[in-house]
Amino acid sequence: MISNPSLLLNSGHKIPQLGLGTFDAPKEVVTEAVEVAISTGFRHIDCAMIYGNEKEVGAGIAASLKKHNLRREDIFVTSKLWCDKHAPEDVRSACELSIEKLGVQYLDLYLVHLPVSFHVKEGMTFDVYDPSSLVFEHHKLEDTWKVHLWKE
């Protein structure tokens with residue numbers, strides 16, 4: 001098993017320094033990738049709504065908890081708020097959807113994926129290399145942050 005030291009956050013919680021990123025991981029393999037990572041000592045799983053694989057990531061977490069007799073609090077789970085959900089009224093529901101898809105009771109860390117707010121034009125798909133498909137919006141990041149999703 002790998003050594004996975006943690007860093008102390010300002011909140012008093014610890015975050016493992018080494019984590020498995022699930023960006024661009026195909027649905028058909030990411031569950032097993034999460035299981036293998038946890039079995040080798042990874043205790044931080046990083047995902048995001050835009051990756052489209054949160055359900056499969058969650059399945060890997062659930063299987064690993066059971067197989068290795070771990071508790072939910074043994075795994076640090078990070079997800080991210082996508083750019084079309086920066087409006088304060090959208091933040092909570094986006095977070096709750098990620099929690100639901102992952103099949104966990106809570107997230108340890110919920111990040112703003114990118115510090116820019118936009119939505120994709122109707123009939124187009126998101127393409128990181130084609131900004132002509134985007135409609136930029138103005139939502140102050142401070143207002144997004146003020147939603148306060150954490151629990152004491």
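Sequence positions in the sequence shown follow UniProt numbering and run 1 to 152. C-beta atoms are modelled at their ideal positions from N, C-alpha and C, and glycine is treated no differently. Owing to the predicted nature of the structure, the values given are computational and were not obtained by experimental measurement.
If we ignore side chains and look at the alpha-carbon of each, how far apart do residue 140 and residue 88 end up? The residue given as residue 140 occupies position 140 in the sequence shown. The residue given as residue 88 occupies position 88 in the sequence shown. So the alpha carbons of these two residues sit roughly 9 Å apart.
Which term fits residue 45, buried or exposed, when burial requires 16 or more other beta carbons within 10 angstroms of its beta carbon? Counting from 1 along the sequence shown, the entry for residue 45 is found at position 45. With 16 or more other CB atoms across the displayed protein chains lying within 10 angstroms of its CB, residue 45 is buried.
Identify which residue in 56, 42 and 41 has its Cα closest to the Cα of residue 48. Numbered from its first residue, the sequence shown carries residue 48 at position 48. Comparing Cα-Cα distances from residue 48 to each of 56, 42 and 41, the minimum goes to 56.
Can you tell me whether residue 143 is helix, strand or coil according to DSSP? Counting from one through the sequence shown, the residue named residue 143 turns up at place 143. Here residue 143 carries a helix assignment [DSSP, helix/strand/coil].
Return the Cβ separation of residue 22 and residue 51 in integer angstroms, given the expectation that the two are a contact with Cβ distance under 8 Å. Taking the first residue of the sequence shown as 1, we reach residue 22 at position 22. Taking the first residue of the sequence shown as 1, we reach residue 51 at position 51. Right, their Cβ atoms sit about 6 Å apart.
Considering only C-alpha positions, which residue in the set 86, 103, 76 and 138 is nearest to residue 147? As a first step, residue 147 is located in the sequence shown; it is residue number 147 there, counting from the start. A check of alpha carbon separations from residue 147 across 86, 103, 76 and 138 identifies 86 as the nearest.
For residue 136: DSSP bridge partner residues: Working through the sequence shown from its first residue, we reach residue 136 at position 136. Bridge partners of residue 136: 118.
Spatial distance of residue 136 from residue 127 (CA atoms): For the purposes of this step, residue 136 is identified with residue 136 of the sequence shown, where counting begins at 1. For the purposes of this step, residue 127 is identified with residue 127 of the sequence shown, where counting begins at 1. Rounded to whole angstroms, residue 136 to residue 127 spans 14 Å at the Cα level.
Distance, Cα to Cα, residue 91 vs residue 81? Here residue 91 corresponds to residue number 91 of the sequence shown, with the count starting at 1. Here residue 81 corresponds to residue number 81 of the sequence shown, with the count starting at 1. If you take the alpha carbons of residue 91 and residue 81, they lie about 7 Å apart.
Quick one: what does DSSP say residue 51 is sitting in, helix, strand or coil? Position 51 of the sequence shown, counted from the start, is the residue given in the question as residue 51. Residue state, collapsed to three classes: helix.
Considering just the uninterrupted stretch of the alpha helix (DSSP H) at residue 38, what are its terminal residues? Within the sequence shown, numbered from 1, the residue matching residue 38 stands at position 38. Start and end: 27-39.
Cβ of residue 53 within 7 Å of Cβ of residue 25? The residue given as residue 53 occupies position 53 in the sequence shown. The residue given as residue 25 occupies position 25 in the sequence shown. Yes, they are a contact pair.
How far does the beta strand (DSSP E) with residue 102 in it extend, from its first residue to its last? Locating residue 102 in the sequence shown gives position 102, where the first residue counts as 1. Residue range 88-102 is occupied by the alpha helix (DSSP H) that includes residue 102, with no beta strand (DSSP E) assigned at that position.
DSSP-derived helix/strand/coil call for residue 74: Taking the sequence shown and counting its residues from 1, the one referred to as residue 74 is at position 74. Residue 74 falls in the helix class under three-state DSSP.
The beta strand (DSSP E) enclosing residue 16, as first and last residue numbers: The residue given as residue 16 occupies position 16 in the sequence shown. 14-16 is the span of the beta strand (DSSP E), which, as asked, contains residue 16.
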